[in-house]
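Chains A, B, C and D supply the protein sequences, listed in that same order.
For the first sequence, the working numbering begins at 88 and goes up steadily by one.
For the second sequence, the working numbering begins at 88 and goes up steadily by one.
For the third sequence, the working numbering begins at 88 and goes up steadily by one.
For the fourth sequence, the working numbering begins at 88 and goes up steadily by one.
The C-beta atom is built at its ideal place from N, Cα and C for all residues, glycine as well.
Protein chains: 4
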Amino acid sequence: MRNTFGSNVTITLFGESHGPAVGCVIDGLTPGIDVDDEAIRNLLSRRRPSSIVDTPRREPDNYKILSGVFNGKTTGTPICIMIPNEETKSGDYLFGPARPSHADYTAHVKYNGFEDYRGGGHFSGRITSALVAAGGTVIPALNKLGISIGTHISECGGQNDRDFSSSEAEMTEEIRSLQLKNFPVLSDEAGEKMIGQIEAAAKDCNSLGGIVKTAVTGLPVGVGEPWFDSLESQLAHAMFSVGAVKGIQFGSGFEGTRLKGSEFNDPMRLNNGRTVTLSNNNGGINGGISNGMPVTFSVAVKPTPSIARPQQTVNFLTGKEEELVIHGRHDPAIVRRICPVIDSVTAIVIADALVTAFGPQVLVKGKAIWNTDL
Amino acid sequence: MRNTFGSNVTITLFGESHGPAVGCVIDGLTPGIDVDDEAIRNLLSRRRPSSIVDTPRREPDNYKILSGVFNGKTTGTPICIMIPNEETKSGDYLFGPARPSHADYTAHVKYNGFEDYRGGGHFSGRITSALVAAGGTVIPALNKLGISIGTHISECGGQNDRDFSSSEAEMTEEIRSLQLKNFPVLSDEAGEKMIGQIEAAAKDCNSLGGIVKTAVTGLPVGVGEPWFDSLESQLAHAMFSVGAVKGIQFGSGFEGTRLKGSEFNDPMRLNNGRTVTLSNNNGGINGGISNGMPVTFSVAVKPTPSIARPQQTVNFLTGKEEELVIHGRHDPAIVRRICPVIDSVTAIVIADALVTAFGPQVLVKGKAIWNTDL
Amino acid sequence: MRNTFGSNVTITLFGESHGPAVGCVIDGLTPGIDVDDEAIRNLLSRRRPSSIVDTPRREPDNYKILSGVFNGKTTGTPICIMIPNEETKSGDYLFGPARPSHADYTAHVKYNGFEDYRGGGHFSGRITSALVAAGGTVIPALNKLGISIGTHISECGGQNDRDFSSSEAEMTEEIRSLQLKNFPVLSDEAGEKMIGQIEAAAKDCNSLGGIVKTAVTGLPVGVGEPWFDSLESQLAHAMFSVGAVKGIQFGSGFEGTRLKGSEFNDPMRLNNGRTVTLSNNNGGINGGISNGMPVTFSVAVKPTPSIARPQQTVNFLTGKEEELVIHGRHDPAIVRRICPVIDSVTAIVIADALVTAFGPQVLVKGKAIWNTDL
Amino acid sequence: MRNTFGSNVTITLFGESHGPAVGCVIDGLTPGIDVDDEAIRNLLSRRRPSSIVDTPRREPDNYKILSGVFNGKTTGTPICIMIPNEETKSGDYLFGPARPSHADYTAHVKYNGFEDYRGGGHFSGRITSALVAAGGTVIPALNKLGISIGTHISECGGQNDRDFSSSEAEMTEEIRSLQLKNFPVLSDEAGEKMIGQIEAAAKDCNSLGGIVKTAVTGLPVGVGEPWFDSLESQLAHAMFSVGAVKGIQFGSGFEGTRLKGSEFNDPMRLNNGRTVTLSNNNGGINGGISNGMPVTFSVAVKPTPSIARPQQTVNFLTGKEEELVIHGRHDPAIVRRICPVIDSVTAIVIADALVTAFGPQVLVKGKAIWNTDL
């Protein structure tokens, strides 16, 4: 389905970096969800370049909801959100020399030369603003059900943020604090060091990658499906739609493979009548299904491909080798801006998985549905 | 779609560990593909427990093709492969105390107590034999097109295998060699050490995890889709259907996030008129689409959950905390047996992605289609 | 998705007429549904040739449930039902001369000559036994919720059955009576005349078609989706999967197009607090969504293609025109045998639409879910 | 998937009658297809009310392509077409008394009262303009491949148009002529009589239904799938998404059920080396797969529900019975305006089925692909 994702709550993406608009269609949301313009604007502003560590392209993100919302609430029919591209300067973009680590070459072959190459076209990070607009629609609804989603930059430029607390209550508090930060880290001191590294890379005409870590609290037991629609499958599927993502790991992930079974297995205990685990190496998921513990995962973000240094490339128009220097200024690191994107993608997957597990009304009724036997 | 995966080539899984049979339905395979019984048997035998490092359960895997194959070739209609469960001893299995790190608890909640709990039921690794039977149907067809898929144990018990060669030709040769090995490693010396570690863990009533690494050579440029059906999304989605998998990374993955853009970006050059990259940090995929370089990824395999040591758990029948000792013998590590599963899952995803990109005849015509402009 | 249908409750078909078995995989059924062997056997026996008006091929339909059922109840995981082909005599079947009105020619072109041509292969009516086995699993569950599904032969050989009563209670009673009849008509006198016509056609080496009419009572308001997943879309989609079906009409259908708006529009009134309509020209569906009235539709069944008369054809092996006489004996009319198939297909669609509208538990909780606001 | 349809070429609909815009996202179209603004405008104008027989609402249909088209050609990425609603007068619409034969009541129950009720909201025929915009994108591409699609009003107000010619060449010519007519009939004399009947009904504050008949010529053999994705299933599924459609029949349809097998079976002959049938009772489809003859089907269009006469209804706000008079003027018959909608829906289904059968390049290469063995 290429640009459509989900089973019961679906999202369809469209748009090119320098076309008239980017946007999305979200279908299957329960009727009666409050659509909170401020939440959408806030989330979009968190994704927008705004600081020294980002590109200077400044899109106002004047999104417009074309359908599916009436009197401030979802109607249950498809919500189309359009975000016009207002700051496009197509003159900056060449056609022919493929930018290494970008989709220029693969898109050119796949689309037989008919691709809109300007600014990466449909492969541009610009399209993630549509994901974020969708996230801004879904996240407040999940929050009302007691589900929180947050992402922090866990590593960048050799600097590590401290980890989420193991206490779910504290973790939920940390998630809340992350929404308010321009540079989403748990330790502002670590954040300062990361920013220093990013600035240094920028000055050096270079770029950095990093690792971001996400936590979801408040998710009930029983969300996800066996085998092909495991919650891990769905989250991973959606995350890898974001071009810069090159890896995902749940719970203790790759590091956890070095533990022995006796160390890795999360001991199960009762806590006020609720089954919990004393550790969370499984990242809140067993057999593809949520176990009631926080769902945690890390995502590997590759260094921004566009750097202002000469690079070896091939020009697919001339068929010759070339040296390429990418002009214009670009994000020296996208770890900051990717956090609201990851939150949004997570929210979309969680909303879909909840509806699949409990039926459409779960997005407005929450516990009243998942705590009874319905 | 829970137990069905794929767009044009689809696979549907069914079965429980101790039910009459496990199996799969593969739909959308091009008519005229030779179905090679020996390939299926070989691949199943590679997955089957066979050595000191595996469980002693010995399933003969007498699979039966119920449909979709006629005169030794695919007909183009659904292929149902059934593998009877012949070695089931249900007496060994308890109901109530959840085995930590297993799906017992989550399945119990999700299925309201109606799950077939025996041996993990539908969540048992036993079902992967159906994936492997499907892989045995698809892999020889891909091989005929010049596409090779291989997986080696890259890390287990603190021991590291050497990496695949960077030369595609050598890599293809290494892939071939892995198919012939009982313990699929590139360095047999490293393999011996890993086996020693697994045996030691087994003696200690413990288990090990590990990391396996996969390479796909011979894939043409242009396979995969933008955004939600990126080749990474599809591979990750399918891999996380396997219960023990807790992470996946493409190319240089998490380690690659520590590189700068100038180090990470794969320089592009011409090699006999073909566009290649001098490094492969992107794992052969840009913008979700194959770039003609080998597709490489690593998968994190958690330590086998079943260990013969007392573990803290909760009994969901009594609602009380318990200490659990799992009897019977189990795989002290599944890194060996998971390799053909990963190969199979990869083959299914690649076959689907090829048909989506080039149409159904690509699975029998290969280059004749993808090298022309059709 | 070819051989898979449905959104939340899905069915995947497999099998060829003369292969080892036909069958299906039903996924997404709520855990805890009683699987009633007698219901499955009964429904299969209603589809089985059993009288003078059917083919003499006598398949025992010894179906086997391979997965997804435990202790007599659904587990919530995929149910694979296999029905071995035991009465195959492949010698009867030619390859080359296409039987007119059959899929021989189209399958030969589509599958490049690799199709299993014996007895129509995957296009054989034999595969509908798998649909019926699925129906036998689903129908009793719907019955428990107060939903009844029945189909009668409304026209055959120039004879018309009387119509369903307009009273829903009487209609439900009529539906019940149809399940018990060998030749499902509301007026046995009309049925006798139809049987006479079928026998006359058979003696004349000819065949008859007919129209069958289906009613669904007890369906709540609000089932179905706007636009592409309208209840009519879903039912029509599924019905046309059955090869002999050439038309479907809901409510007053084609005849209703001759009414004026003032005659066609169903007046709305209250009946014990429930909104009802005084007529049912819309067949219980408005805007693709059930309105609480009985869902009614008719299906056009073409005359059985296989007749023992010389027919003009083309031999696709020789590329020459030929005269073909089909030997063996065949159903002179399938209107009788198609009724349980239509019932089954309807049940599968209804189950899926219910789960999509109300969540998975609706199939065991029924009114407790759809009458509250959950 | 509710508002998304298709396997490889997909369409997603959005919009409400009185919201900011209606529109669609078309995904999976081959790159390099010319997007012909005039064709889109023409098709939209054919759907637009323009004569005495239609509603006086006059939407300019100033559609805007937001993505997926570059330099006048498809890029291969999603095409979003937005059509602003410019002529909305919401004051005309009541909330509470359900209009009989409309979706007011079912939508109100399904969406728990959160539906945008103005002018039928998401259930309005207005949304079909988005289908037509999609059709205008796809139809010229099919025409270039030699595939023609046309629909005529075959019956309305007791008047019958003459039927399509049986010669495929003449039929193709007739299809062409239909595109140029304001009132698409084959016999203008019959058309005049129909218009007279519609005018009479309008004067009488009443409305008419009708039957429209569609033909597709030039389709190669082998398009469509067995069972659930039969070409009939796909076409029927898509047609029933249009609210006014209550029936569909292929070939000789319901009337054909009255033929004997010897009369119904289409005799097969050779014509210049091509296999043809001498009659076309099967409507160009056998076993769900196109046989190379014209695909023909009729669609039942119910009388327009909105009539300016008192009607019995129930007010779902007060829960009381009411008499309702619908004010404003409405189409006294939509048989004229539905023809380009049916053409468009047919084109979308055919494009999808072609890509599924032959791969994505078929939409630009046509015969070069389907006539070779690729």
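Please list the partners that residue i has in chain C, where partner means a Cβ-to-Cβ separation under 9 Å.
i, result
"PRO447/A", "THR443, ALA444, PHE445, GLY446"
Measure the C-alpha to C-alpha separation of residue i and residue j and round it to an integer number of angstroms.
i, j, result
"SER377/B", "VAL196/A", "10 Å"
"GLY311/C", "ILE372/D", "28 Å"
"ASN95/C", "ILE429/B", "27 Å"
"SER211/D", "VAL449/C", "30 Å"
"GLN398/C", "VAL412/C", "6 Å"
"THR344/A", "PHE201/A", "45 Å"
"LEU265/A", "GLY183/B", "40 Å"
"ASP203/B", "ILE120/C", "14 Å"
"PRO171/B", "ASP418/B", "21 Å"
"ILE245/C", "GLU342/C", "The sequence given here has Gly at residue 245/C, not Ile. Taking the straight line from one Cα to the other gives about 18 Å."
"ALA325/B", "ILE425/A", "24 Å"
"THR400/A", "ARG186/A", "7 Å"
Within a Cβ cutoff of 7 Å, which residues of the same chain sit near residue i, ignoring the five residues on either side of it in sequence?
i, result
"ARG416/B", "THR142, PRO143"
"SER252/D", "MET258, GLU261"
"ALA108/D", "GLY102, MET169, ILE170, PRO171, ASN172"
"LYS160/C", "GLY119, ILE120, ASP121, VAL122"
Interface residues of chain D around residue i at Cβ under 9 Å?
i, result
"TYR150/C", "In chain order: nothing, as chain D lies at least about 19 Å away."
"SER320/C", "PHE92, ALA323, HIS324, ALA325, MET326, PHE327, SER328"
Which residues in the same chain have their Cβ closer than 6 Å to the Cβ of residue i, if we skip the five residues on either side of it in sequence?
i, result
"LEU153/B", "CYS167, MET169"
"ASP114/C", "THR97, PRO165"
"GLN336/D", "SER385"
Per DSSP, residue i is paired with what?
i, result
"GLN336/D", "GLY334/C, SER385/D"
"CYS167/D", "VAL112/D"
"GLY297/A", "VAL388/A"
"GLU409/C", "THR400/C"
"GLY237/C", "ALA302/C"
"GLY200/D", "BP columns for GLY200/D are empty, so no partner."
"VAL156/B", "THR161/B"
Given that residue i touches chain D, what residues does it touch there, using C-beta distances under 7 Å?
i, result
"PRO313/B", "THR164"
Considering only residues of the same chain and omitting the five flanking positions on each side of residue i, which have a CB-CB separation below 8 Å?
i, result
"ILE456/B", "PHE445, GLY446, GLN448, VAL449"
Along chain E, which residues have their Cβ under 7 Å away from the Cβ of residue i?
i, result
"VAL196/B", "In the structure shown, chain E cannot be found, because the protein chains are A, B, C and D."
Note down, in chain order, every chain B residue with its Cβ under 7 Å from the Cβ of residue i.
i, result
"LYS347/A", "ALA288, ASN293, SER294, LEU295, PRO390"
In chain D, which residues lie less than 8 Å from residue i when you measure between Cβ atoms?
i, result
"PHE384/A", "Near PHE384/A there are no residues of chain D at all, since even the closest Cβ is about 27 Å away, more than 8 Å."
"PRO107/A", "LYS151, ILE152, LEU153, SER154"
Going along chain A in order, which residues have a C-beta closer than 7 Å to the C-beta of residue i?
i, result
"PRO143/B", "Ordered by position in chain A, no residue passes the 7 Å Cβ test against PRO143/B, which lies about 18 Å from the chain."
Starting from residue i, find everything on chain A with Cβ-Cβ shorter than 9 Å and list it in chain order.
i, result
"GLU408/B", "MET355, ARG356, LEU357"
What residues from chain C crowd round residue i, counting only those whose CB sits closer than 8 Å?
i, result
"ASP55/B", "Nothing can be reported for residue 55/B, as the shown portion of chain B is limited to 88 through 461."
Hey, is the region 373-391 of chain D in contact with the region 303-319 of chain D, meaning 3+ C-beta pairs nearer than 8 Å? yes
I'd like to know if the region 403-413 of chain A and the region 311-328 of chain A are in contact, where contact means that at least 3 CB-CB pairs between them fall below 8 Å. no
Flag this pair as touching only if the region 114-133 of chain C and the region 214-226 of chain C have three or more C-beta atom pairs under 8 Å; answer yes or no. yes
Would you be able to state if there are at least three C-beta pairs under 8 Å between the region 387-404 of chain A and the region 344-354 of chain B? Verdict: yes, contact present.
Would you check if the region 180-200 of chain C and the region 291-300 of chain D touch, i.e. whether three or more CB-CB distances between them fall below 8 Å? no
Touch check for the region 225-237 of chain B and the region 436-446 of chain B: three-plus C-beta pairs under 8 Å? Contact check between the region 225-237 of chain B and the region 436-446 of chain B: three or more CB pairs, one atom from each, fall below 8 Å, which counts as touching.
Three or more C-beta pairs closer than 8 Å, one from the region 154-164 of chain A and one from the region 97-106 of chain D: is that the case here? Judged by Cβ distances under 8 Å, the region 154-164 of chain A makes contact with the region 97-106 of chain D, as three or more pairs qualify.
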